[in-house]
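Peer 1:
Have a look at this one:
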């Protein structure tokens, strides 16, 4: 048959398919994970997933035996927080202000003044290695300067002597059983007789009360409602009786500390107001004494005042102009004195603090609402800060916040308001001065004694008014102190011993262990799959290696079921012809990355498939070092290709007919180590040129790419290479390296054929045949028809 029969396999007029190192259209997945590959990896490494799942479940079972049940104790504390509106049912109009802000109540509960006391009272600084030793340590307490750490007490076999050592085994104390243990270390412990048994070792750990309080603070769960009236406290632990006792001790101590803070605050506020009251009283007494002394001094001098100070019957009252002049003069003088008094207070050094009492007794200040309120707020905050300093240090957040607020009032708010008042007084003084100057021409004859008398009387009135204001505040503070006997904080619901654990951790641990093991197995399977250097997925060939896949030959399950493999080979032949695309006979070198990839199997069966289609086919064994095709077709190895290249035989002598029609074979010939020189000789080119005119298909089975230079020489001779890759066996990195060498040579890589492919959706798209379509099996209707021999 001539070579003109071969192009009929490709439609006439169809241009040759360009061979590019790109993926097929159906191999591209632009976004999202490759679930098909992930499923394949999980199936391939299924025992890894199963093993990690079993180990995770076993670990969870072991954890359930070590984790103790968890209990929760809860308590509720009621806080009397005054509302913004007046409520007549809350005990009367006089009530003390709120002791703390809403957030500060939580800070007070978590403060060390509460937790340290609880830790020392319940001995939470003591941790025992064994719960059975609780009775032995019932009398153990510590001093203020004890040494924390882990200790062991070992009793000798006679039961008479003991040795106290630390965690490193260093001996710290030795004594007789019944004596005090650890006195030099700050321990106060004298075990009762019979508590320390002979030959026994007890171990315990002592922490500092502050560290134990910090750990208790981390375990406490505190939550306050929106109105700030209910404080809910919860504590988790494995010992229900202990957590209930701890929670009750915390709430009781909390109520006690809150009451002490309230009492200290009101006491400090009352003391400050008492000082201000005495200061105002002294000012009033001084003003009254000055007025009395002046009137005594001027009693015999003429005056414009009527006897008794008022108009009597039958006498004319004083001229209103005169009275108005004196009033303006006195008011101007008083404005000046008040302004100068305020300026003197403001001129004091900034580090000495603001004299709130000196400002509060100034008449103009007492009539300024904003400044009076600011002074009152300063007094309240100073009282609260003094009360807190009796319980806390300067580092306590509430104390720091009050200190900042007091500094803001003393150095910014009150000076600003006072300076504004000074400006107002100066303006008022200038205005009164203008009015007095206008009327002074008419009143120059009036003695200044009346002005001084009026001024002194006005000073007495202002001092009396200031005294009355401070006395009212003092009285209100005392009434509030008497009302403070009603506590602001009380325990609404004490903690009770919980009877049931809050949750059963066993199912959760088992599920967590199973899911953790399963997840670890899945991740491990995916990682192992990613690290696997072998070809397992078509995407690795089309994407990573950049080879078009011309077909996939499935794994042959048995010699009785070759139909699916035969149909796959037909598809490979069709794709190979289409990829070749050139006129004339099909001339291709078939190779693989390494040995065992199945290139000889594929070459022989492709040749048989072409011959079965009526094409005159020549299969040449190019592996002249260790070719085995002659065994598959049961013909002679010699003479063969090597003999022809050595010029020992003719071309007609090396071409042998096989048992299959239209299929001829050239064996490898005599074994020789001069394979590269022979394959690259002019005789090889002459042989291929002579055979092109006699056959439709010429397939050369070459050595693997990793076996040397032979396959590259044969590929250069034919100009076309078909690569065979065995799934789960061929090495990707070596294949990529060899493909780079092929790219540098005048060789066209037509594509790749996947061999020994496992059945699955991942490779079914590359096959033209599916054994799952009923009615399309490749069978002959005539059962008596002679079956043609198959090589597969």
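Residue numbers (the working numbering): 319 to 1110.
Each residue gets a CB set at the ideal place from its N, CA and C atoms; glycine is no exception.
1. Just the Cα atoms here: how many angstroms apart are residue 656 and residue 645?
2. Given 8 Å as the limit, is there contact between the stretch 720-732 and the stretch 600-609, that is, 3 or more CB pairs closer than that?
3. Alpha carbons only, please: which of 893, 1064, 1025 is nearest the one belonging to residue 1071?
4. Compute the Euclidean distance between the alpha carbons of residue 498 and residue 437, then round it to the nearest angstrom.
5. Helix, strand or coil for residue 340? Go by DSSP, reduced to three states.
6. State the start and end residues of the unbroken alpha helix (DSSP H) segment that holds residue 1034.
7. Can you tell me where the beta strand (DSSP E) with residue 483 in it begins and where it stops?
8. With residue 723 as the anchor, note down where its alpha helix (DSSP H) starts and where it stops.
9. Is residue 845 close to chain C, meaning its C-beta is less than 9 Å from at least one C-beta of that chain?
10. State buried or exposed for residue 947, treating a residue as buried only when at least 16 other CB atoms are found within 10 Å of its CB.
11. Do you know how far the Cα of residue 459 is from the Cα of residue 517?
12. How big is the Cα-Cα spacing for residue 368 and residue 827?
13. Within the continuous beta strand (DSSP E) that includes residue 569, where are the two ends?
14. Within 10 angstroms of the Cβ of residue 688, are there 16 or more other Cβ atoms? Answer buried if so, exposed if not.
15. Would you decide whether residue 626 is buried or exposed? Buried here means 16 or more other CB atoms lie within 10 Å of its CB.
16. Exposed or buried, which one is residue 447 when buried takes at least 16 other CB atoms within 10 Å?
17. Report the CB separation of residue 740 from residue 661 in whole angstroms; it is logged as a contact under 8 Å.
18. Suppose you measure from the CA of residue 718 to the CA of residue 508; what does that come to, to the nearest Å?
19. Helix, strand or coil, according to DSSP, for residue 817 in the structure here?
20. Between residue 980 and residue 919, is the Cβ-Cβ spacing less than 9 Å?
21. I need the boundaries of the beta strand (DSSP E) containing residue 1073, first residue and last residue.
22. From this set, 441, 1038, 445, which residue's C-alpha is nearest residue 1114's C-alpha?
23. Using the C-alpha atoms, what's the distance from residue 566 back to residue 790?
24. Compare the C-alpha of residue 863 against each of 679, 525, 1043, 1015 and name the closest.
25. Can you tell which of 938, 986, 968, 978 has the C-alpha that lies nearest to the C-alpha of residue 1113?
26. Which of the three DSSP states, helix, strand or coil, is assigned to residue 1020?
27. Just tell me which of 545, 546, 568 has its CA closest to the CA of residue 552.
28. Quick one: what does DSSP say residue 387 is sitting in, helix, strand or coil?
29. According to DSSP, is residue 896 helix, strand or coil?
30. Given this structure, state the Cα-to-Cα distance separating residue 795 from residue 675, to the nearest angstrom.
31. Going by DSSP in three states, residue 464 sits in which element: helix, strand or coil?
32. Any contact of the stretch 889-905 with the stretch 1022-1030, i.e. 3+ C-beta pairs under 8 Å?
33. In angstroms with no decimal places, state the Cα-to-Cα distance between residue 952 and residue 983.
34. At a cut of 8 Å, does the stretch 739-753 reach the stretch 574-581 through at least three beta carbon pairs?
35. Using DSSP with H/G/I as helix, E/B as strand and the rest coil, what is residue 682?
36. Check residue 447 in the structure and name its three-state DSSP category.
Peer 2: Well, looking at it:
1. Your numbering for residue 656 matches position 338 in the chain shown. Your numbering for residue 645 matches position 327 in the chain shown. C-alpha separation (whole angstroms): 16 Å.
2. no
3. Reading the chain shown from its first residue, position 753 is the one you call residue 1071. Nearest C-alpha to residue 1071: 893.
4. Position 180 of the chain shown, counting from 1, holds the residue named residue 498. Position 119 of the chain shown, counting from 1, holds the residue named residue 437. Whole-angstrom Cα-Cα distance: 23 Å.
5. Mapped onto the chain shown, residue 340 falls at position 22. Any answer about residue 340 is weak, because its pLDDT of 38 lies below 50 and its placement is not dependable; what the coordinates show is given next. Residue 340: coil per DSSP, three-state reduction.
6. Translated into the one-based positions of the chain shown, residue 1034 becomes position 716. It spans 1028-1036 - the alpha helix (DSSP H) in which residue 1034 sits, taken as one unbroken run.
7. Locating residue 483 in the chain shown gives position 165, counting from the first residue. Per DSSP, residue 483 belongs to the beta strand (DSSP E) from 479-484.
8. For the purposes of this step, residue 723 is taken as the residue at position 405 of the chain shown. Run containing residue 723: 715-726, per the alpha helix (DSSP H) assignment.
9. Note that chain C does not occur in the displayed structure, where there is just one protein chain.
10. For this step, residue 947 is matched to residue 629 along the chain shown. Looking at its Cβ environment, which holds 16 or more other Cβ atoms inside 10 Å, residue 947 is buried.
11. Translated into the one-based positions of the chain shown, residue 517 becomes position 199. Translated into the one-based positions of the chain shown, residue 459 becomes position 141. About 24 Å.
12. Counting from 1 along the chain shown, the entry for residue 368 is found at position 50. Counting from 1 along the chain shown, the entry for residue 827 is found at position 509. About 18 Å.
13. Counting from 1 along the chain shown, the entry for residue 569 is found at position 251. Run containing residue 569: none in the beta strand (DSSP E); it sits in the alpha helix (DSSP H), 558-615.
14. Here residue 688 refers to the residue found at position 370 when the chain shown is read from its first residue. Residue 688 is exposed by the Cβ-count criterion.
15. Taking the chain shown and counting its residues from 1, the one referred to as residue 626 is at position 308. Annotation note: pLDDT 47 at residue 626 (below 50); position unreliable, coordinate value reported separately. Its Cβ having fewer than 16 others within 10 Å, residue 626 is exposed.
16. Mapped onto the chain shown, residue 447 falls at position 129. Residue 447 is exposed by the Cβ-count criterion.
17. Position 422 of the chain shown, counted from the first residue, corresponds to residue 740. Position 343 of the chain shown, counted from the first residue, corresponds to residue 661. Yes, they are in contact, since the Cβ atoms of residue 740 and residue 661 sit about 6 Å apart, within 8 Å.
18. For the purposes of this step, residue 718 is identified with residue 400 of the chain shown, where counting begins at 1. For the purposes of this step, residue 508 is identified with residue 190 of the chain shown, where counting begins at 1. When rounded, the distance between both Cα atoms is 44 Å.
19. Here residue 817 refers to the residue found at position 499 when the chain shown is read from its first residue. Of the three classes helix, strand and coil, the one that applies to residue 817 here is coil, per DSSP.
20. Here residue 980 refers to the residue found at position 662 of the chain shown. Here residue 919 refers to the residue found at position 601 of the chain shown. No, they are not a contact pair.
21. By 1-based counting over the chain shown, the position of residue 1073 is 755. From DSSP, the beta strand (DSSP E) with residue 1073 extends over 1066-1075.
22. In the structure displayed, the chain extends from 319 to 1110; residue 1114 sits before or after that span and is not available.
23. By one-based count along the chain shown, residue 790 stands at place 472. By one-based count along the chain shown, residue 566 stands at place 248. Roughly 42 Å separates the two Cα atoms.
24. The count along the chain shown starts at 1 and reaches residue 863 at position 545. Residue 1043 is the option with its Cα nearest to residue 863.
25. Summary: the structure shown does not reach residue 1113, with the chain confined to residues 319 through 1110, and so no result is reported for it.
26. Within the chain shown, the letter at position 702 stands for residue 1020. Here residue 1020 sits in coil by DSSP.
27. Position 234 of the chain shown, counted from the start, is the residue given in the question as residue 552. Measuring from the Cα of residue 552, the nearest candidate turns out to be 568.
28. Within the chain shown, numbered from 1, the residue matching residue 387 stands at position 69. The answer is coil: DSSP assigns residue 387 none of H, G, I, E or B.
29. The count along the chain shown starts at 1 and reaches residue 896 at position 578. The answer is helix: DSSP assigns residue 896 an H, G or I state.
30. By one-based count along the chain shown, residue 795 stands at place 477. By one-based count along the chain shown, residue 675 stands at place 357. One C-alpha to the other measures close to 16 Å.
31. Here residue 464 refers to the residue found at position 146 of the chain shown. Coil, per DSSP.
32. no
33. The sequence position of residue 952 within the chain shown is 634, counting from 1. The sequence position of residue 983 within the chain shown is 665, counting from 1. If you take the alpha carbons of residue 952 and residue 983, they lie about 11 Å apart.
34. no
35. Counting from one through the chain shown, the residue named residue 682 turns up at place 364. Looking at residue 682 - three-state DSSP - the assignment turns out to be helix.
36. Within the chain shown, residue 447 is the residue found at index 129, counting from 1. Residue state, collapsed to three classes: coil.
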